[in-house]
Structure formats: structure tokens, C-alpha cells
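Mature numbering (1 follows the signal peptide of the UniProt record, and there is no 0) puts the sequence shown at residues -18 to -1, 1 to 339. First up is the structure itself, then whatever we jot down about it.
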Amino acid sequence: MKALVAFILLVQLPIHKAVPAAPPAPLGCDDPESEAAAEVAVSYINGHSHHGYKFALNRIENIRVLPQGLNNDIIFLELDLLETMCHILSPTPLANCTVRSFTEHAVEGDCDVKLQKLDGKLSVLTSKCHSHADSSEDVLRLCPDCPLLASLNNTEVLTTVTAALNDHNSKTAEAYLRLLEIGRAKIQYYPVHIVSVEFAVAATNCTAEEAKDNVEACQLLPDDQSNFGFCTATMLTHPSKDLGVDCQLYGHQVPTPDIPFLSRPGVTYTQTSQDTSAGLVPSVVQGFTNHNLRLSHNNPDSRSESSSSEFPISMLSVKSVAKRAVAEVAQHDKVPRPVGFVPPPPPCPGKIRHFKI
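Laid out in C-alpha cells, this is it:
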């Protein structure tokens, strides 16, 4: 009898099944983990760019995390970047680099980056980027009198760079400088005609005085002595003529093992017997107004663009995420809410840090 009672009581006990642990909530674009991954990605992009300027994060457009095992995740990021005023050779930390304003004819970068987070450490696996200047119409709509970016191989631009570098070399007692690349150029036509240029330079093994005798013998300094710099110049051509030049050398910087300075802009191009201070520009920028990030971040093994198969099919585009968020907010509005209730923002895209192009 006791055995029967015990059996009945046992049958009546609630059956507890093991409940699987809930998967972690998806990361939002403004979550600290997302921003940490974006910081690593932007640092990688700037560190491996061979032309142009450093870029700063403007917005995290999307993020997707694919767990690979214990303490091992693959992270896909879509980033919106903006060009800064720091050339990639500048030793200035990115945090101290000023983002170019909208009226300066801003340049936007779009990057898809694949990272791995292994045992808490983030590393970039692949990157694929492209960059483009804002449309002239957008700039002129806000600032009708603002000069626009000019082609880097524009005749007036080349003439100004030539005159500026020759002017500097003729007045300095220091090292003779050679042109590495033209970074940006703008031409103002009214009320006065002004050509403004920015270009990267490098010191040679000659003084400016020695270069007068045999400029072809002047060679760029080797890695262990390299000294790069940056020049800005403006040439007024009408109604009067005037030239202003300012060149600053950064001083020798120790190259990183994986990115020696001689793989940096301009220096990778074949040195000819021609004087590169004469305004010659790399053929890669012919007809373009800005250096495209694609030149440095277009890994053939990387298919990490949002339209590619590397990104999971379940990864929604920014537009679809925004559309879904609007639908969810509309649905929430049908439910009575306390006074002052504010619906949570969609997880992506994230906040705009500077301005939207």
C-alpha cells in the first residue's frame, strides 16, 4: 500500500524539462561592442590605405555576428566614413583629425569589413571599400559660392602644384622635396580665380641647393631615414597673380613591420628620370577628384560587400531594417501606452556622428 501511494505521488510531481539557453540578443549598431569593432575596422582601413586621407567613422550602418564556437565569432560590419583633413602619412592620431565639412565638398567612404573576435580579441579578416565625393548639386544647394573639387589631373591643378613645389624648393635651405601625390584640388572661378591644392611630398638625399646641379640624382630617402610631409598652396590668377605655399615635414617615423612606408602613396610608383616635383601625378587618379578607397581595399578574396554571398542572406539591408522598424513602431502605436512612452530606436542603422551625405 505504501508503495502504491509513493508511486501516485511520484506521478503527480511536475515534470521539469531542461530549457535551452536563449540566444544572445542581436547587437545594435550603437552598442559598445559594435563601436569597439568599428574602431578596429577604421584603424585597419586607415593603416592599410595607400592614397589620400584618413577616414573617420560617421555611422555604423549594419552589424551581423555569426558564432563559430566557444569565444569565437565572425562579425560583418557595414560602415559609413567621412574624409578627414589628415593625410594618411600624417602622424596625427585619428581622434585629432578634423572631418571635412559639408561645404568643403566632403568625401564619403562606404566599407564592408569582416572581423573575427577570438578569445575577446578583434582582428580584421577582409575589407572592401569605395569612396566618392558628394554631388556638386548638393554642395551648391547649401553653398552656391563654394568652390568644388577639381580633377586631380586638371591642367590648372598641375600648374599650381608645379609652381608651388618649385617655389618652396627655391627658397629652402633644407632637403629638396619631391611630389608623392596630389591629394585634393579646388578651383574658384568667381569673384576671383583661385586654385587651391593639397599634396604629399617626401624629402630626398639632396639639399635644394645640390638639386640645382643634378636634380635627377636626388632620390627619396630609404625607410630608415624617410621623411614625408604635406603642402598646401593657393594660386590667384585673376585679376592679379599671387602664390602662397606652406609645406610641413612630419619627421622620420618608424614604419610598421606589415606596412613599410615605401608601400605608401606615390613611392610605389616607378621612379622615372623625370622630375616628380614638376606636378606629375600617378595614373590611377587621372580624371578623378578624389582618391578612391577601392584602390587599397578591394581584396579579390573578399566578397564582403553587402550584395555579396559572404554576407548572410538573413542580413537585412539598411533600408529593409528601417522599413521594418517603421512598421514595428506603427504596430506599437496601436497598443495603449503610458503617457510619455518613447518606443525604442531600431537596432540599426546607428547614430550619425557628423552629417549625412
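Even glycine gets a Cβ: it sits at the ideal position worked out from N, Cα and C.
Short of 7 Å from the beta carbon of Q201, and not among the five residues preceding or following it, lie these beta carbons of its own chain, in chain order: T186 and N187. A straight line joining the alpha-carbon of L122 with that of T214 spans about 24 Å. For G226, the closest C-alpha among the options H273, D101 and A146 is that of A146.
Judged by their CB atoms, H336 and L64 are nearer to each other than the 8 Å cut-off. A contact between stretches requires three or more CB pairs, one per stretch, nearer than 8 Å, and the region 105 to 119 fails this requirement with the region 147 to 154. DSSP, read as helix, strand or coil, puts Y158 in strand.
P73 carries a coil assignment under DSSP once its states are collapsed to helix, strand and coil. Per DSSP, G233 is not a residue of any alpha helix (DSSP H), being assigned neither H nor E. By the Cβ rule, the region 193 to 213 does not count as touching the region 82 to 89, because fewer than three pairs are nearer than 8 Å. Nearest to N53 by C-alpha distance, out of P329, L140, G102 and A184, is G102. With respect to the C-alpha of H234, the residue from A7, G91, P73 and P8 having the closest C-alpha is P73.
In terms of Cβ geometry, R41 and I334 form a close pair [threshold 8 Å]. Residue pairing by DSSP puts P49 in a beta bridge opposite D55. Note on geometry: alpha-carbon atoms of S25 and T66 lie some 13 Å from one another.
CA-CA distance, L61 to L275, rounds to 13 Å. Restricted to the region 105 to 160, the alpha helix (DSSP H) segments that are unbroken, complete and at least 4 residues in length are 118 to 124 and 137 to 153, listed in chain order. Within the DSSP bridge table, the entry for Q98 names I56 and S105 as partners. Within the model, the alpha-carbon separation for P49 versus N280 is close to 25 Å. Secondary structure of R276 (DSSP, three-state): helix.
Taking C-alpha positions only, Y232 is separated from A182 by approximately 11 Å. Exclusion of the five residues before and after V22 leaves L104 as the residues of its chain whose Cβ lies within less than 6 Å of its Cβ.
Comparing alpha-carbon positions, the option among V143, S113 and L100 lying closest to N28 turns out to be S113.
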